[in-house]
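Q: Right, I'll just put the structure down here and ask away after.
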Amino acid sequence: MERKMIKQTELIKSALNELGCEEAPPGLEDITDSPAYINNPCEPGDGSQSTLSHKRILDHHRIMNVLRKPFRRKSAPSSPIAPPRTKGRRDSATKSEGADPVSLSTNKPLVDEEWFHGVLPREEVVRLLTQDGDFLVRETTRNDECQTVLSVCWGGHKHFIVQTTAEGHFRFEGPAFPSIRELILYQYNSGLAVTGRSGAILHKPIPRERWELNNDDVVLLDKIGRGNFGDVYKAQLKSTSQEVAVKTCRVTLPDEHKKKFLQEGRILKQYDHPNIVKLIGICVQKQPIMIVMELVPGKSRM
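Under UniProt numbering, think of the first position of the sequence shown as 1, with each following residue one higher.
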């Protein structure tokens, strides 16, 4: 009987060494703590039956000691904290044409981040995202509801709508965060896929181009006309006090008309000629979209 108990003990030890689970399954009750054991401990020499009972209790006690030993941890902790981004990733994301590096570690509001492109249309987004891992954040309107979208180049162009939880936090498939900016930083720093189905990983934030202006950088002064898409204003740039002409696009226009409006801006952007009105920039940070051009006295030459 004693040899059988010892063999069972060794088998349990071997199995537990291979198990390595985080928590031991509930085992047998430890009879050494029971009143029956405390009040009637078996002493050696009381007879063969008592000696046998004593050995059984000791063997059981050895088994319980094995079960009480700490178990090895094999599974990773389920913490939402993003692991540090390794140096091998594309951290040195920079603007094209020798512009300043893009930072994802500041405390700016989302609208001030260089990788936030406001209401930039999808057609322009596709043009900007050229390499797998390129990404930017923008806004769109669906069913009169403003939505924030993460656009990523990953085997094509994928667009992920930021989800809002009941608590007002923001998430994709992973943990939720108090702000969209924190959510994007988590996705970028963790190197985890935005969704399991897409597998899209954020490598390089794409900054606004030089022609993408902030709506707040332009002060509208006087209405000087009306175009096919909206009103035309005499305005002033805050940064330089330069007087400019601004064409606005009515928010209520269909998407097709807004695309044509932006197409006009793209055409102007391609030319630098003394007989063609010079494009200064396009305001796409919020509605209404505005095309900012040089102010030409009299009639426009375009």
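Built from N, CA and C at the ideal position, the CB exists for glycine as well.
Remember, predicted model here, so these are calculated numbers, not experimental data.
Out of P178, H203, F160 and G225, which has the shortest C-alpha to C-alpha gap to S190?
A: For the set P178, H203, F160 and G225, the Cα lying nearest the Cα of S190 is the one of H203.
Q: What residues in its chain sit with their C-beta under 6 Å from that of Y233, if we drop five residues either side in the sequence?
A: L220, K223 and V246
Q: Mind the definition here: the region 142 to 151 touches the region 252 to 265 only if three or more C-beta pairs lie below 8 Å; say whether that holds.
A: no
Q: Taking the alpha helix (DSSP H) that D255 falls in, what are its first and last residues?
A: D255 to Q270
Q: By alpha-carbon positions, which one of V137, I184 and V125 ends up nearest to G156?
A: Ranking the options by Cα distance to G156, first place goes to V125.
Q: Would you call E22 buried or exposed, if buried means 16 or more other Cβ atoms sit within 10 Å of its Cβ?
A: Confidence is the limiting factor: at E22 the pLDDT is only 34, short of 50, which leaves the residue's position unreliable, though a coordinate-based value still follows. By the neighbour-count rule (16 or more Cβ atoms within 10 Å), E22 is not buried but exposed.
Q: Between D132 and W154, is the Cβ-Cβ spacing less than 8 Å?
A: yes
Q: Should P205 go down as buried or exposed, given a rule of 16 or more other Cβ atoms within 10 Å for buried?
A: buried
Q: Just to confirm my understanding: we take L128, look at its own chain, exclude 5 residues before and 5 after, and list those with CB closer than 6 Å. What are they?
A: I206.
Q: Is the distance from the Cβ of V152 to the Cβ of F135 below 8 Å?
A: In this structure, V152 lies near F135, with their beta-carbon atoms less than 8 Å apart.
Q: Do I291 and E264 have their CB atoms nearer than 8 Å?
A: yes
Q: If we call anything under 8 Å between Cβ atoms a contact, is L213 one with I276?
A: no
Q: Using a Cβ-Cβ cutoff of less than 6 Å, which residues in the same chain neighbour R181 once the five nearest sequence positions on both sides are dropped?
A: L110
Q: Quick check: L183 and R171, are their CB atoms within less than 8 Å of each other?
A: yes
Q: Assign R138 to one of two classes, buried (16 or more other C-beta atoms within 10 Å of its C-beta) or exposed (fewer than that).
A: It is buried - the Cβ of R138 has at least 16 other Cβ atoms within 10 Å.
Q: When the Cα atoms are used, what is the spatial distance from G118 to T248?
A: 16 Å
Q: Find the nearest neighbour of N107 within the set R142, T141, H169 and S179, judged by alpha-carbon distance.
A: The option with the nearest alpha carbon to N107 is S179.
Q: For L150, list the residues DSSP reports as bridge partners.
A: In the DSSP output, where bridge partners are listed per residue, L150 has V137 and F160.
Q: So for D144, helix, strand or coil by DSSP?
A: D144 falls in the coil class under three-state DSSP.
Q: Sort out for me which residues DSSP pairs N116 with in a bridge.
A: Rather than Asn, the amino acid found at residue 116 in this sequence is Phe. The partner list for F116 (beta bridge, DSSP) reads V137.
Q: Could you tell me how far apart the beta carbons of W211 and L279 are, in whole angstroms, since I believe they sit closer than 8 Å?
A: 7 Å
Q: Mind checking which residues open and close the alpha helix (DSSP H) that includes R226?
A: R226 -> not in any alpha helix (DSSP H); beta strand (DSSP E) instead, spanning V218 to R226.
Q: Could you tell me the boundaries of the alpha helix (DSSP H) in which L185 lies?
A: I180 to S190
Q: In whole angstroms, what is the alpha-carbon distance linking L262 and Q163?
A: 28 Å
Q: Considering only C-alpha positions, which residue in the set I161, H159 and A193 is nearest to G174?
A: A193
Q: Going by DSSP in three states, P84 sits in which element: helix, strand or coil?
A: The predicted model places P84 with a pLDDT of 47, which falls under 50 and marks its position as unreliable; any figure quoted below should be read in that light. Correct three-state label for P84: coil.
Q: With 16 other CB atoms within 10 Å as the buried threshold, where does A235 fall?
A: buried
Q: Classify A166 as buried or exposed, calling it buried when 16 or more other Cβ atoms lie within 10 Å of its own Cβ.
A: exposed
Q: Hey, would you say Q287 sits closer than 8 Å to V251, going by beta carbons?
A: yes
Q: Do the CB positions of D217 and S239 come within less than 8 Å of each other?
A: Against a cut-off of 8 Å, the Cβ pair of S239 and D217 comes out as a contact.
Q: Out of D112, P274 and R142, point me to the one whose CA is closest to P121's CA.
A: R142
Q: Do you know whose CA, among K260, K158 and H169, lies nearest G227's CA?
A: Ranking K260, K158 and H169 by Cα distance to G227 puts K260 first.
Q: Would you report the Cα separation of D231 and A200, rounded to the nearest angstrom?
A: Near 41 Å, if we compare the C-alpha coordinates of A200 and D231.
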